[in-house]
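K.L.:
This structure is in structure tokens; I'll ask about it shortly.
There are 2 protein chains.
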Amino acid sequence: MEIEKTVADKYLKTYMAEDEPGSAALIAFPTSTEEVAEFVKKADAENKTVITIGRQTGLTSATYPQNDAWLISMEKMDKILSLDEQTLTLNVQAGVTLFQIRDFLAETPYFYAPDPGNKNASVGGNASTNAGGMRAIKYGVTRDNIRGYDVVLASGETIHVGSLNKKDATAYDLKDLFIGAEGTLGIITEMQLKLTAKPAYEKSLIMGFESLDGVSNAIFEVVKSPVQPIALELLEESGIHYSEKFINKKMPEVKGEAFLLATVADNAADGLAFQLQAIQALGKKAGAIETRELSETEAKEMWEIRDNILNGIVNNGDWKMYDPVVPNHLFTDLVQEGKRLGAKYNVQTGFFGHAGDGNIHICVLREDQTDEEWEKLKEDYENDLFPYVAKQGGLLSAEHGVGLEKKEYLPYFKDEAYLNVLRSIKKALDPKGLLNPGKMFD
Amino acid sequence: MEIEKTVADKYLKTYMAEDEPGSAALIAFPTSTEEVAEFVKKADAENKTVITIGRQTGLTSATYPQNDAWLISMEKMDKILSLDEQTLTLNVQAGVTLFQIRDFLAETPYFYAPDPGNKNASVGGNASTNAGGMRAIKYGVTRDNIRGYDVVLASGETIHVGSLNKKDATAYDLKDLFIGAEGTLGIITEMQLKLTAKPAYEKSLIMGFESLDGVSNAIFEVVKSPVQPIALELLEESGIHYSEKFINKKMPEVKGEAFLLATVADNAADGLAFQLQAIQALGKKAGAIETRELSETEAKEMWEIRDNILNGIVNNGDWKMYDPVVPNHLFTDLVQEGKRLGAKYNVQTGFFGHAGDGNIHICVLREDQTDEEWEKLKEDYENDLFPYVAKQGGLLSAEHGVGLEKKEYLPYFKDEAYLNVLRSIKKALDPKGLLNPGKMFD
Chain A
0 MEIEKTVADK YLKTYMAEDE PGSAALIAFP TSTEEVAEFV KKADAENKTV
50 ITIGRQTGLT SATYPQNDAW LISMEKMDKI LSLDEQTLTL NVQAGVTLFQ
100 IRDFLAETPY FYAPDPGNKN ASVGGNASTN AGGMRAIKYG VTRDNIRGYD
150 VVLASGETIH VGSLNKKDAT AYDLKDLFIG AEGTLGIITE MQLKLTAKPA
200 YEKSLIMGFE SLDGVSNAIF EVVKSPVQPI ALELLEESGI HYSEKFINKK
250 MPEVKGEAFL LATVADNAAD GLAFQLQAIQ ALGKKAGAIE TRELSETEAK
300 EMWEIRDNIL NGIVNNGDWK MYDPVVPNHL FTDLVQEGKR LGAKYNVQTG
350 FFGHAGDGNI HICVLREDQT DEEWEKLKED YENDLFPYVA KQGGLLSAEH
400 GVGLEKKEYL PYFKDEAYLN VLRSIKKALD PKGLLNPGKM FD
Chain B
0 MEIEKTVADK YLKTYMAEDE PGSAALIAFP TSTEEVAEFV KKADAENKTV
50 ITIGRQTGLT SATYPQNDAW LISMEKMDKI LSLDEQTLTL NVQAGVTLFQ
100 IRDFLAETPY FYAPDPGNKN ASVGGNASTN AGGMRAIKYG VTRDNIRGYD
150 VVLASGETIH VGSLNKKDAT AYDLKDLFIG AEGTLGIITE MQLKLTAKPA
200 YEKSLIMGFE SLDGVSNAIF EVVKSPVQPI ALELLEESGI HYSEKFINKK
250 MPEVKGEAFL LATVADNAAD GLAFQLQAIQ ALGKKAGAIE TRELSETEAK
300 EMWEIRDNIL NGIVNNGDWK MYDPVVPNHL FTDLVQEGKR LGAKYNVQTG
350 FFGHAGDGNI HICVLREDQT DEEWEKLKED YENDLFPYVA KQGGLLSAEH
400 GVGLEKKEYL PYFKDEAYLN VLRSIKKALD PKGLLNPGKM FD
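Next up, the structure:
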């Protein structure tokens, strides 16, 4: 196994560009579960902490190198091992990216349903944050699309959790424990991903509303109806603006100030038509001033706008993004509150995200603030935003995780008894605190 | 809170009628989470073990009273608290039965999707075993249909896990840890159940095959197709026989020796027609000698046969049921192996279950064996069956749990490192071993 004692700069940083480079004693590039296990055993023997790095697309500094840790990069565990059509499973190493998976499956009748924004992410990283994405409204999040995996424990032992079976009442559900644990309980090395049959027909539609508030009822009506779009995204000026600027194209014209972009899928042409009609009817009933099915070209243009909002924001300068989630009917209230706080602190904000899931991405964008002002501004914003989200029954993170960025806000959402359960599980599985210590909670 | 120091006989037994009455020092009938918590604190202070009993419909003796434990009966926590249409959630106490839920929702546009066989079961019991049922192929198991709950820990503290949000990347997934834990990690007291909009159209169809083997391809073709029936059940002579005898009615005539009974649902009439057609075409391609849509009357008759197989078996005399699961393509092989073992040990067997999930119910039925012969026969059967299931990549339990009945076989499926993780979690959450000790694993 390749081990480098001089850790290249790029591994000392995370996607959160503002971080100063962290510290690490060495970095290993395993190519197999056995090599990961061997490395962890050695770290255990020498009482070194281990931080596992995927493709560095995380948004919470969860893989930030600290305290001269031993790093593991999963980038050489990048093999798609096999497609098992009998169980509709794709066997991959955890360092495989979403791009690799998409390309591999392109010519098959199957797809891997989760659709997080950054396709450079590794699927192991997705598992560790329980990444969500655009299609969660219909197909669930990463958790729901992993059948099983090998995980290396803090002891260096490897266990296999989950299975290729559709039901499981065989002792505690360990599968869901390591997913979303941000590498603090074990290191996921090889995975069996659930594949889904591609639907025969897919079409997008757009609905325009006079105001953001108007969108709320439409979301509610669609979500509680029997029709299930595969995506239901909010588009509004503060997000569209950055995307249009970035790709230098205008969004196709639709009446209104706030928009819902939906995609529906079906195996029958009639079924698709029914769904398109049903959603538009619900939208109109809820006050949409324009609704229409999108041609292939227009759909492509509309989704290009959606897909480039974050790129536009990133390109604009310093930024910070939050990913709170609230129950659906409180979604637009949350966006309004995010805007109100932007006005209160006099900071630019951008909003986009998953209306069907109640999960909005709120970005604050730096303008001419000094470093100190910018730090204080984010802290003030967060200390207003998160208590509000908690009060609404929402959560700190819908799909990015906690990492370092949001750790201090976890107590707004979870009481001491709850945190103690988290701590006791961490201690049970990693008594010496070797794996990614200090992330998520103390 | 009502506490009885003389424990009525019915609480000392389980659904597994062969058990001798167990032992318990007292039984409490709490009516609120607070009363459960207070009781557990008292048990903790006095170092008493606590066993929680739902509606005593479990099939693994998981609630069997042992060692003069303090029992909690959840039967007075039987209130449906509220229907929250904004989040499509039903708030219930954990002792509520599936019958209560069904009746309560009958006049609403929503239903609670899990459909375990015994509707007298409490939903808290369903949570503790992660019960499955008929509609899991489309809507998932109990785990997938619980949004959150209050759980009383061994310390007597109460935490709320899960939420009404659709995505969650906020620290470890505790929600799925207590579900399926058979009351060994905490006591679930109040629950938020996920509701689903009732589809507008539903229809059943039947497909007959010349032999059991012929069924296999049809299951496989349906499961991997984009069409998703809400139920896909195997019917074959060994099960039909007991049901027909019990209800004293014949199954509607269909050509063949083994049958797949499917129900499809859709929101559009055309979509329903498409699905019915698609499944029949897949069945014919896979060798079905008759396929047909069922009229409402015929569907009712056919499902009555399906629903009464277990009643027929129970009514026949002593019996034991297993609930292994294998990957779909190995489903009929498992049935054949179950039959082969029946012949090997010269014991009557009955088979029914969830073809779409790979989950078969295998029953052995006592005839004229002596008590000793019957005990030995079950043990021999199990010691052949479970290693076979393990070899096929299957699991010990799909939907009934482990309890006492299957505990000794867990090591066929999980290695020592895995069992040690289970033990360390149990120890972390219940260091004194107060909650339902000795169930599932030692």
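Line order of the protein sequences matches chains A and B. Residue 253 in numbering that gives the first Met the number 0 sits at position 254 of the first sequence, with consecutive numbering throughout. Residue 290 in numbering that gives the first Met the number 0 sits at position 291 of the second sequence, with consecutive numbering throughout. Quick reminder that beta carbons are idealized off the backbone N, C-alpha and C, glycines included. Computed from a predicted model, the values in this text were never measured in an experiment.
1) One question on the structure: do PHE208(A) and ALA287(A) come within less than 8 Å of each other, judged by their Cβ atoms?
2) Are the stretch 354 to 367 of chain B and the stretch 325 to 340 of chain B touching, with three or more C-beta to C-beta distances below 8 Å?
3) Output needed in chain order: residues of the stretch 383 to 394 of chain B with a Cβ under 8 Å from some Cβ in chain A.
4) Could you check whether TYR14(B) and LEU58(B) sit closer than 8 Å to each other, using their CB atoms as the reference points?
5) Residues of the stretch 321 to 339 of chain B with a CB closer than 8 Å to any CB of chain A: list them in chain order, please.
6) Pick out the complete beta strand (DSSP E) segments inside the stretch 364 to 435 of chain B, 3 residues or longer, and give them in chain order.
7) For PRO323(A) and LYS375(A), I'd like the C-alpha separation in whole angstroms.
8) Spatial neighbours of SER81(B) within its chain, please: CB distance less than 7 Å, with the 5 preceding and 5 following residues excluded, ordered by chain position.
9) If you compare alpha carbons, which of GLN227(A), GLY437(A), THR195(A), SER203(A) is closest to ARG497(A)?
10) Please classify GLU181(B) as buried or exposed, where buried requires at least 16 neighbouring CB atoms within 10 angstroms.
11) Kindly list, in the order they appear in chain C, the residues whose Cβ is closer than 8 Å to that of LEU309(B).
12) From ILE312(B), ALA135(B), LEU233(B), pick the residue whose C-alpha is nearest to that of LEU364(B); which is it?
13) Over the uninterrupted alpha helix (DSSP H) stretch that includes LEU333(B), give me the two end residues.
14) Taking Cβ-Cβ distances shorter than 7 Å, what residues in chain A pair up with HIS399(B)?
15) Are the stretch 125 to 143 of chain B and the stretch 64 to 80 of chain B touching by the rule of at least three beta carbon pairs closer than 8 Å?
16) Return the chain-ordered list of same chain residues with a C-beta closer than 7 Å to the C-beta of ALA264(A), the five sequence neighbours on each side being excluded.
17) Hey, ILE178(A) and ILE145(A): beta-carbon distance below 8 Å or not?
18) Quick check on PRO251(A) - is its C-beta less than 8 Å from some C-beta in chain B?
19) Please tell me whether TYR10(B) and SER60(B) are closer than 8 Å, where the distance is taken between their beta carbons.
20) Taking Cβ to Cβ, would you say VAL150(A) is nearer than 8 Å to VAL160(A)?
21) Report the CB separation of PHE258(B) from MET320(B) in whole angstroms; it is logged as a contact under 8 Å.
22) Please say whether LEU176(A) and LEU163(A) have beta carbons closer to each other than 8 Å?
23) Taking the C-alpha atoms as reference points, what is the distance between GLY393(B) and LYS166(A)?
24) Taking the alpha carbon of LEU309(B) as the point to measure from, which residue in GLY402(B), ALA7(B), LEU234(B) has its own alpha carbon closest?
25) Cutting at 8 Å between CB atoms, please list the residues of its own chain near VAL140(A), excluding the five before and the five after it.
26) So, helix, strand or coil for VAL35(A), using DSSP?
27) Using the rule of at least 16 other Cβ atoms within 10 Å of the residue's Cβ for burial, across every protein chain shown, is ARG339(B) buried or exposed?
28) Assuming GLY443(B) and GLY53(B) form a contact by the criterion Cβ under 8 Å, report the distance between their Cβ atoms to the nearest whole angstrom.
29) Could you work out which residues of chain B lie near THR128(A), taking near to mean beta carbons separated by less than 9 Å?
30) Kindly identify the DSSP beta-bridge partner or partners of LYS202(A).
31) Tell me which same chain residues have a C-beta within less than 6 Å of the C-beta of ASN216(B), skipping the five on either side of it?
32) Put PHE28(A) into one of helix, strand or coil per three-state DSSP.
33) Please list, in chain order, the residues of the stretch 222 to 236 of chain B that have any C-beta partner in chain A closer than 7 Å.
34) Using CA coordinates, which residue listed in ASN314(A), TYR63(A), THR30(A) is at the minimum distance from PRO436(A)?
35) Do ALA170(B) and MET439(A) count as a contact pair if the criterion is CB distance below 8 Å?
36) Can you look up SER154(A) in the DSSP assignment and give me helix, strand or coil?
P.N.:
With the given structure in hand:
1) By one-based count along the first sequence, residue 208(A) stands at place 209. By one-based count along the first sequence, residue 287(A) stands at place 288. Yes, these two residues count as a Cβ contact at 8 Å.
2) yes
3) GLY392, GLY393, LEU394
4) In the second sequence, residue 58(B) corresponds to position 59, counting from 1. In the second sequence, residue 14(B) corresponds to position 15, counting from 1. Closer than 8 Å, so yes.
5) ASP322, VAL324, VAL325, PRO326, ASN327, HIS328
6) none
7) Here residue 323(A) refers to the residue found at position 324 when the first sequence is read from its first residue. Here residue 375(A) refers to the residue found at position 376 when the first sequence is read from its first residue. Between PRO323(A) and LYS375(A), the C-alpha separation is close to 20 Å.
8) Working through the second sequence from its first residue, we reach residue 81(B) at position 82. Once the five neighbours on either side are set aside, the close Cβ partners of SER81(B) are ASN90.
9) One cannot answer for residue 497(A) here, as it falls past the ends of chain A, which runs 0 to 441.
10) The sequence position of residue 181(B) within the second sequence is 182, counting from 1. GLU181(B) comes out buried.
11) Although the question refers to chain C, the structure presented lacks it and instead comprises the protein chains A and B.
12) For the purposes of this step, residue 364(B) is identified with residue 365 of the second sequence, where counting begins at 1. Minimum Cα distance to LEU364(B) is reached at ILE312(B).
13) For the purposes of this step, residue 333(B) is taken as residue 334 along the second sequence, with counting starting at 1. Taken as a continuous stretch (DSSP letters only), the alpha helix (DSSP H) holding LEU333(B) covers 330 to 343.
14) In the second sequence, residue 399(B) corresponds to position 400, counting from 1. Correct list: ALA168.
15) no
16) Your numbering for residue 264(A) matches position 265 in the first sequence. Within the same chain, ALA264(A) has close Cβ partners PRO198, TYR200, GLU201, ILE229.
17) Numbered from its first residue, the first sequence carries residue 178(A) at position 179. Numbered from its first residue, the first sequence carries residue 145(A) at position 146. Yes; because the gap between Cβ atoms is below 8 Å, this pair is in contact.
18) Here residue 251(A) refers to the residue found at position 252 of the first sequence. Chain B contact via Cβ: absent.
19) Walking along the second sequence from the start, residue 10(B) turns up at place 11. Walking along the second sequence from the start, residue 60(B) turns up at place 61. No, the Cβ-Cβ distance between TYR10(B) and SER60(B) is not below 8 Å.
20) Here residue 150(A) corresponds to residue number 151 of the first sequence, with the count starting at 1. Here residue 160(A) corresponds to residue number 161 of the first sequence, with the count starting at 1. The answer is yes: Cβ separation under 8 Å.
21) Against the second sequence, residue 258(B) aligns to sequence position 259. Against the second sequence, residue 320(B) aligns to sequence position 321. Rounded, the Cβ-Cβ distance is 21 Å, inconsistent with contact.
22) Your numbering for residue 163(A) matches position 164 in the first sequence. Your numbering for residue 176(A) matches position 177 in the first sequence. Not a contact, by the Cβ cut-off of 8 Å.
23) Numbered from its first residue, the second sequence carries residue 393(B) at position 394. Numbered from its first residue, the first sequence carries residue 166(A) at position 167. The alpha-carbon atoms of GLY393(B) and LYS166(A) are separated by roughly 10 Å.
24) Position 310 of the second sequence holds residue 309(B). Residue LEU234(B) is the option with its Cα nearest to LEU309(B).
25) Here residue 140(A) refers to the residue found at position 141 when the first sequence is read from its first residue. These residues qualify, in order along the chain: PRO113, ASN129, ALA130, GLY131, GLY132, GLU398.
26) For the purposes of this step, residue 35(A) is taken as the residue at position 36 of the first sequence. DSSP places VAL35(A) in helix when its eight states are reduced to three.
27) Mapped onto the second sequence, residue 339(B) falls at position 340. The residue is exposed, with fewer than 16 neighbouring Cβ atoms inside 10 Å.
28) This structure cannot speak to residue 443(B), because chain B is shown only from 0 to 441.
29) What you label residue 128(A) is simply residue 129 of the first sequence in a count that begins at 1. Under the 9 Å cutoff, chain B gives ALA168.
30) Looking up residue 202(A) in the first sequence gives position 203. Paired residues: VAL263(A).
31) Counting from 1 along the second sequence, the entry for residue 216(B) is found at position 217. Excluding sequence neighbours, ASN216(B) sits near ALA285.
32) The residue you call residue 28(A) lines up with position 29 of the first sequence. PHE28(A): strand per DSSP, three-state reduction.
33) LYS223, SER224, PRO225, VAL226
34) To locate residue 436(A), count along the first sequence from 1; it is residue 437. Nearest C-alpha to PRO436(A): TYR63(A).
35) Numbered from 1 along the first sequence, position 440 holds the residue referred to as residue 439(A). Numbered from 1 along the second sequence, position 171 holds the residue referred to as residue 170(B). Yes, Cβ-Cβ distance for MET439(A) and ALA170(B) is below 8 Å.
36) Within the first sequence, numbered from 1, the residue matching residue 154(A) stands at position 155. Three-state result, SER154(A): coil.
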